[in-house]
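Number of protein chains: 2
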Amino acid sequence: MPLLPRALELVMTELGKLPGIGRRSAERMAFALLIAGSERCDALEKAVERLSEEVGVCPECGFFTDGGVCPIDSDPLRDRSLLCVVEDAMDVVAFERAGGYRGLYQVLGGMLSPLKGVSPEDLRIAHLFDRLERSDSRIEEVILATSPSVEGDATAVYLAREMASLNVRLTRLGRGLPMGGSLEHADGGTLRMAFEGRRAMG
Amino acid sequence: MPLLPRALELVMTELGKLPGIGRRSAERMAFALLIAGSERCDALEKAVERLSEEVGVCPECGFFTDGGVCPIDSDPLRDRSLLCVVEDAMDVVAFERAGGYRGLYQVLGGMLSPLKGVSPEDLRIAHLFDRLERSDSRIEEVILATSPSVEGDATAVYLAREMASLNVRLTRLGRGLPMGGSLEHADGGTLRMAFEGRRAMG
Chain A
25 MPLLPRALEL VMTELGKLPG IGRRSAERMA FALLIAGSER CDALEKAVER
75 LSEEVGVCPE CGFFTDGGVC PIDSDPLRDR SLLCVVEDAM DVVAFERAGG
125 YRGLYQVLGG MLSPLKGVSP EDLRIAHLFD RLERSDSRIE EVILATSPSV
175 EGDATAVYLA REMASLNVRL TRLGRGLPMG GSLEHADGGT LRMAFEGRRA
225 MG
Chain B
25 MPLLPRALEL VMTELGKLPG IGRRSAERMA FALLIAGSER CDALEKAVER
75 LSEEVGVCPE CGFFTDGGVC PIDSDPLRDR SLLCVVEDAM DVVAFERAGG
125 YRGLYQVLGG MLSPLKGVSP EDLRIAHLFD RLERSDSRIE EVILATSPSV
175 EGDATAVYLA REMASLNVRL TRLGRGLPMG GSLEHADGGT LRMAFEGRRA
225 MG
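Same order as they appear, the protein sequences are chains A and B.
Be aware that the first sequence starts at 25, since it is given in the working numbering, and climbs by one per residue.
Be aware that the second sequence starts at 25, since it is given in the working numbering, and climbs by one per residue.
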């Protein structure tokens, strides 16, 4: 007979699938939930339920939204001549938290990776080109803000080649970012430096 | 207009209430859940729902159980002459994982703390005495396995005083240097305890 109740093991398994949560953390969290009581369990349960039901993807940029166009794309004060291409929604949050950038975003939803079987069709790349080629597009500069990693660089190089014929300036982030690091872990100062230090590509 | 959808903020708030989960961790977890999709959200939701519905408290020791007496108390091979008194269910898991102890447990559900307003009535202390004074009790030794902290010590001292008239041997956990620890990193309190608790060699 196992030591822990089945439902406790289940919660630990589910929590353990989340990034940065090991077996011990998942255990501590599950026990804390149980001790906190059914009201707190209910609150988490309802919140997670609403998460998948209510949160949508912005039809413009691919960032998360309560429905319709996201707050960034619907903000009339954002600079519509700048488009920052990022891997995922966490990167948008990181840039917004760092401050300084007032343009728009495009969330790819991943990086190209032959090893992991991620090809251009798996990312929001067709949508990115639709957006750039739209007749009312005011985009003058595309910042390829991919992570300074092999996959990030490969994705940037791929996108730069595909965009070569378009009438947009291509830049990528300044190498103020430490190699091997991931965007979501970079601090605000590093991100601001990287924005300021962006350089023409090709 | 806030950057993040309300439901995403809600999940982050609920996850952020769990031990060891800061704002950034909660954010990373919530985004990962969202990206993982509704199936994974469903799985977590259902697991948390089952947690509060299915997991009960063992009427004997206060540890978590699927219902009825827990696997430890219902194990005929456990030594019923030993009772280890711990603060919470996580401690039971820690001892069971460490191995070596084959007695029973009593989970208090906290530590006495005048500052936090925790008095004996708030803990499973009356139940502990019921258990000790039961006519069929075979308990010969009570191990007061409270944390080596002010509150843990106060709780152990309180319990020892209350149990003085009972015909049981009272012990508490050995104190000193942790395994694998180095002398230079040990704090003064630990070193003093280690000196006081020195034992004859060979």
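Here a beta-carbon is modelled for each residue, glycine too, at the ideal position from N, C-alpha and C.
In this text the structure is predicted, and so the values were computed from the model without any measurement.
In chain A, which residues lie less than 8 Å from CYS85 of chain B when you measure between Cβ atoms? Simply none; closest approach about 12 Å.
Give the interface partners of ASP90 of chain B over in chain A, defined as CB-CB distance under 8 Å, in chain order. PRO29, ARG30, ALA31
Whose C-alpha, out of A:GLU69, A:LEU207, A:GLY92, A:CYS65, is nearest the C-alpha of CYS65 of chain B? A:GLU69
Rounded to the nearest angstrom, what separates ARG104 of chain B and ILE59 of chain A at their Cα positions? 27 Å
Apart from the five residues just before and just after GLU84 of chain B, which ones in its own chain have a Cβ nearer than 6 Å to its Cβ? VAL93, ASP97
Given a cut-off of 9 Å, decide if LEU156 of chain B and LEU168 of chain B are closer than it, judged by their beta-carbon atoms. no
With a CB to CB cut of under 6 Å and the five nearest residues on each side skipped, what residues in its chain are close to VAL79 of chain B? PHE88
Which residues mark the beginning and the end of the beta strand (DSSP E) in which GLU165 of chain B is found? 165 to 168
Cα-Cα separation, LEU132 of chain A to GLY46 of chain B: 27 Å
How big is the Cα-Cα spacing for ARG185 of chain B and PHE219 of chain B? 25 Å
Is DSSP giving VAL93 of chain A helix, strand or coil here? coil
Cut-off 6 Å between Cβ atoms - residues of its own chain near LEU147 of chain B, not counting five sequence neighbours on either side: LEU132, GLY133, GLY134
Helix, strand or coil: which one does DSSP assign to VAL79 of chain A? coil
Where do the ends of the alpha helix (DSSP H) carrying ARG30 of chain A lie? 30 to 40
Got a sec, what are the start and stop residues for the beta strand (DSSP E) SER105 of chain A sits in? 103 to 110
Is it buried or exposed, GLU38 of chain A, if we count other Cβ atoms within 10 angstroms and call 16 or more buried? buried
From this set, A:GLY221, A:ARG196, A:MET53, A:SER159, which residue's C-alpha is nearest ASP177 of chain A's C-alpha? A:ARG196
Using a Cβ-Cβ distance under 9 Å, would CYS65 of chain B count as near chain A? yes
Do GLY109 of chain B and LEU152 of chain B have their CB atoms nearer than 9 Å? According to the sequence displayed, residue 109 of chain B carries Val and not Gly. Contact: yes.
Proximity to ASP90 of chain B [Cα-Cα], best of A:TYR129, A:GLN130, A:ALA71, A:LEU32: A:LEU32
Separation of GLU51 of chain B from GLY40 of chain B, as counted between CA atoms: 9 Å
Member of A:ARG158, A:GLY198, A:LEU34 whose CA lies at the smallest distance from the CA of LEU215 of chain A: A:GLY198
Grouping DSSP H, G and I as helix and E and B as strand, with all else coil, what is SER137 of chain B? strand
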